[in-house]
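K.L.:
My structure is below; once you've seen it, I'll send some questions.
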């Protein structure tokens, strides 16, 4: 079963609908008559140039494109420099579920309004860093459930698919009677490690024996 995704506008995608419902900050570039109702803190009936509001992403996306854009989208807080530094420091420790339930989905839209490309870079860095953790979680049936709660929607789908794949693999191994064995390279590597460790113990015992024998030799010489 392929992993469902919706990283481009999709009319029939529930994830896309929910992600684009998120409110994002924007600034109006033109006067908009009779739309002051969108700004509850203002008494004017019109929206003036420079007014900052938070509107649904689907609306801001439409009004910020074209030859004469009406608004300018500003980066949401979770994609600004402060949060980027947190993700760069240790992405695995971050609770993306608290950041935003659709962190990657929302970021895939916002990155098109980031001229510096920082959002694109942090999305890629975050997913690559946390992907190994997802594999470990899917491979370990007794993993800490609190870690799973830190995953966003996309990561939870990946985790679920990983668990299903692991279950199917285990079922196949049981039904087919296949026994998984370590490769010769791994076995030889372990043997070399055992030999090296045994060599260290032998050298340690020989050194101790020599230290114990020295006083006896000296005493015999004196006698």
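In UniProt numbering, the protein residues as written are 1 to 223. Each residue gets a CB set at the ideal place from its N, CA and C atoms; glycine is no exception.
#1: Measuring straight from C-alpha to C-alpha, what distance separates residue 37 and residue 56?
#2: The alpha helix (DSSP H) with residue 163 in it runs from where to where?
#3: So what's residue 71 in DSSP terms, helix, strand or just coil?
#4: Tell me the residue span of the beta strand (DSSP E) that contains residue 27.
#5: Within 10 Å of its beta-carbon, does residue 197 have 16 or more other beta-carbons around it, so buried, or fewer, so exposed?
#6: Assuming residue 18 and residue 104 form a contact by the criterion Cβ under 8 Å, report the distance between their Cβ atoms to the nearest whole angstrom.
#7: Residues bridged to residue 32 by DSSP?
#8: Leaving aside the five residues before and after residue 164 along the sequence, list all residues of the same chain whose C-beta is less than 6 Å from its C-beta, in chain order.
#9: Going by Cα to Cα distance, which pick from 74, 158 and 169 is closest to residue 61?
#10: Quick test of the definition: if touching needs 3 or more C-beta pairs under 8 Å, does the stretch 142 to 157 touch the stretch 85 to 103?
#11: Taking 6 Å as the limit between beta carbons, can you name the residues of its chain near residue 95, skipping five residues before and five after?
#12: Just to confirm, are residue 111 and residue 119 a CB contact at a threshold of 7 Å?
#13: Under a three-way DSSP split, which group does residue 229 fall into?
#14: Alpha carbon to alpha carbon, how far is residue 177 from residue 20? Give it in angstroms, no decimals.
P.N.:
Reading off the structure:
#1: Here residue 37 is taken as the residue at index 37 of the chain shown, counted from 1. Here residue 56 is taken as the residue at index 56 of the chain shown, counted from 1. Roughly 15 Å separates the two Cα atoms.
#2: By 1-based counting over the chain shown, the position of residue 163 is 163. Residue 163 -> alpha helix (DSSP H) spans 153 to 176.
#3: Here residue 71 refers to the residue found at position 71 of the chain shown. Reduced to three states, the DSSP call for residue 71 is strand.
#4: Sequence index remark: in the chain shown, residue 27 carries index 27 (1-based). Per DSSP, residue 27 belongs to the beta strand (DSSP E) from 23 to 28.
#5: Indexing the chain shown from 1 puts residue 197 at position 197. Low confidence applies here, because residue 197 scores a pLDDT of 48, under 50, leaving its location unreliable and the question unanswered by this model.
#6: By one-based count along the chain shown, residue 18 stands at place 18. By one-based count along the chain shown, residue 104 stands at place 104. About 13 Å separates the two Cβ atoms, so there is no contact after all.
#7: Against the chain shown, residue 32 aligns to sequence position 32. Looking at the DSSP assignment, residue 32 forms a beta bridge with 47.
#8: One-based indexing of the chain shown puts residue 164 at position 164. Once the five neighbours on either side are set aside, residue 164 has no close Cβ partner at all.
#9: As a position in the chain shown, residue 61 is number 61, starting the count at 1. It is 74.
#10: Put simply, the stretch 142 to 157 touches the stretch 85 to 103. At least three CB pairs are less than 8 Å apart.
#11: Here residue 95 refers to the residue found at position 95 when the chain shown is read from its first residue. Spatial neighbours of residue 95 in its own chain (CB-CB distance under 6 Å, excluding positions within 5 residues in sequence) are listed in chain order as 150.
#12: As a working mapping, residue 111 is identified with position 111 in the chain shown. As a working mapping, residue 119 is identified with position 119 in the chain shown. The answer is yes: Cβ separation under 7 Å.
#13: Residue 229 lies beyond the residue range present for the chain, which begins at 1 and ends at 223; the question has no answer from this structure.
#14: On the chain shown, residue 20 is found 20 positions in, with the first residue counted as 1. On the chain shown, residue 177 is found 177 positions in, with the first residue counted as 1. In a straight line, the C-alpha of residue 20 is about 49 Å away from that of residue 177.
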